[in-house]
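Written below as structure tokens is the structure these notes are about.
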Amino acid sequence: MSLAVHLDGITKRFPGVVANDDVDLRVREGTVHALLGENGAGKTTLMNVLYGLYTPNEGTVNVGGEPRSFASPRDAIDAGVGMIHQHFMLVDTMTVAENVVLGREPRKWGGLAVDHDRASEEVRDLSEKYGFDVDPDARIEDVSVGVQQRVEILKALYRGADILILDEPTAVLTPQEVDELFDVFDELAAEGKTIIFISHKLGEAMEAADDITVLRDGKNVGTVDANATSREELAEFMVGREVLLEADKDPVEPGERVLGVEHLTVEDDRGITAVDDLSFEVREGEVFGVAGVDGNGQSELVQAVTGIRTAAAGSVSFLGDDVTHASRRDHIDAGIAYIPEDRQERGLVMEYDLVENDILGSQHDERVAPGGRIDWDTVEADARDVITEYDVRPPDPNATAESLSGGNQQKFIVGREFERDPDLVVASHPTRGVDVGSIEFIHDRLLDLREEGKAILLVSSKLDEVRQLSDRLGVMHDGRLSGVVDPDAVTEEQLGLLMAGEDADAPRAERLPSGGDDA
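Laid out in structure tokens, this is it:
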């Protein structure tokens, strides 16, 4: 089989960083090829080279057996290479057809006007050819995220793409939409198209791809047949050592209620209801997980629970005290730790060093600031403990937060919050952007805290993560809990239906005595 893509010796440098280091990549024509690796491994940079967004410092790009030099994405598109980014580039108020043909609209009346009927017909024909089932006349704002992704693929196909690159394509999809996307991959490959998709999810790479290339620290560490490998082997390629992929969770009997959320309503920045009359509780020695597609109120829920956002109605209690309108500082002083979903916006001051970042939120604590004066020796010792215990690199307390990779920034925040001996940990996407080995470590520490009797509210878009760690699992859709289920008994299909707001005959979690409404 001939090669659709051959990247030979690609090196791409940025100031102080070698993102790709002499990478060779061969992609067979008419196949689905997964580019696997953790955040910072160089996956997206390599594909941006192929798509013409970056010019390599060294190496050559070959497409269809011919050497190419792309000065811009337009050059790549003209050569038959299309790229669908994580964040879709669609105009919500326009129709599917208008988005697909934008910039290349069919004309009528001697080129004086757009031929909308012809555009709709061409997009319908293209959609039917690949079995996409997309209505060309529907407005983008009225269709699901999964359909929007298909529209992005149609845009690339309309422009003549034979090679399609998708960057983390499953990040915002339900399990059912993921299955549908992989069916689309099969249809495209059967038509002779070549698919390259970027991922850090082992199972998805094995399910959808014919071949898998693993990048680690900017280098290609191997390409394997997806049918002749295992999750364990891929994880070892990604991290460089053997990794325990399944969390070892021992049974723990929940104790008293720590967090109570009663009929909580929270508005977003636009004044629109994001959390709608929500009730649940978290007890000592319990992990209460919250799953759902991003953007269904999870962020606003976490912000209300941690004192960042004021609730419009309802109440939040902590160890029996009403903290609905308490300040962020009051929440910290009370013993509520918080791992934010946006580490740079909420978790760190990027220009501060790690010692200064270690004290954020606890600068009024008598232990580190006796008499109101900060004891910097104590703070530095604490920072060094976090750096050592959580393998933060570089291991330098004087390094600034902005000098660390995203994964190391995350490990520092997790370590800082866990080491404060909280009664409640609110963990929002705690393993986002960290490598498989660090995920293993963070999961173990969360379960250690659970065994110590701490209460944990875990919000994550990773279904494997919330299913493995949670004792009870709430599924959010459109600001409400569509169900609280038993994570050990629920199927991925049932979770997908709940995430889409549909009724599912899912095994409900055991209702705990007294307190919060789990329905």
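In terms of the UniProt record's numbering, the sequence shown opens at residue 1 and continues consecutively. Quick reminder that beta carbons are idealized off the backbone N, C-alpha and C, glycines included. Remember, it's a predicted structure, so these values are computed and weren't measured experimentally.
- The criterion of a C-beta distance shorter than 9 Å is not satisfied by Tyr54 and Ala76.
- Val355 and His364 have their C-alpha atoms roughly 15 Å apart.
- As summarised for the stretch 1-89, the continuous beta strand (DSSP E) elements at least 3 residues long and confined to that stretch are 3-14, 17-28, 32-36, 58-63, 66-68 and 81-84, given in chain order.
- Distance from the CA atom of Arg445 to the CA atom of Ile359, rounded to whole angstroms, is 21 Å.
- The continuous stretches of alpha helix (DSSP H) do not include Thr213, which lies in the beta strand (DSSP E) extending over residues Asp211 to Arg216.
- Shown here, Arg467 sits in a helix according to DSSP, grouped into three states.
- Segment contact: the stretch 167-181 against the stretch 495-506, three or more CB-CB distances shorter than 8 Å; contact assigned.
- The continuous alpha helix (DSSP H) containing Phe182 extends over residues Pro175 to Ala190.
- In the three-state reduction of the DSSP assignment, Gly437 falls in the helix class.
- The C-alpha of Asp322 is placed about 13 Å away from the C-alpha of Thr310.
- Counting only the Cα atoms, Asp211 lies some 6 Å from Val224.
- Residue state for Glu152 is assigned as helix, using DSSP reduced to three classes.
- An exposed status is given to His87, since fewer than 16 other beta-carbon atoms sit within 10 Å of its beta-carbon.
- When the five nearest sequence neighbours on each side are left out, the beta carbons in the same chain lying within less than 6 Å of the beta carbon of Asp471 are those of Glu286 and Val287, in order along the chain.
- Annotation: the continuous beta strand (DSSP E) that includes Phe197 extends over Thr194 to Ser199.
- Glu452 and Leu469 have their alpha carbons spaced roughly 15 Å apart.
- Taking 9 Å as the cut-off, the Cβ atoms of Ile84 and Pro169 count as close.
- Secondary structure of His477 (DSSP, three-state): strand.
- DSSP places Asp135 outside both helix and strand once states are collapsed to three, so it counts as coil.
- Between Gly218 and Ala19, the C-beta spacing is below 9 Å.
- Burial check for Ser460: the Cβ neighbour count within 10 Å reaches 16 or more, so the residue is buried.
- Selection Pro487, His6 and Leu36 evaluated against Val290 yields Pro487 as nearest (Cα-Cα).
- DSSP links Tyr352 through a beta bridge to no other residue.
- In the DSSP assignment, the residues bridged to Tyr338 are Val426.
- The alpha-carbon of Val434 is positioned some 16 Å away from that of Glu242.
- Taking a cut-off of 8 Å on C-beta distances, the stretch 318-338 touches the stretch 421-431, as three or more cross pairs fall below it.
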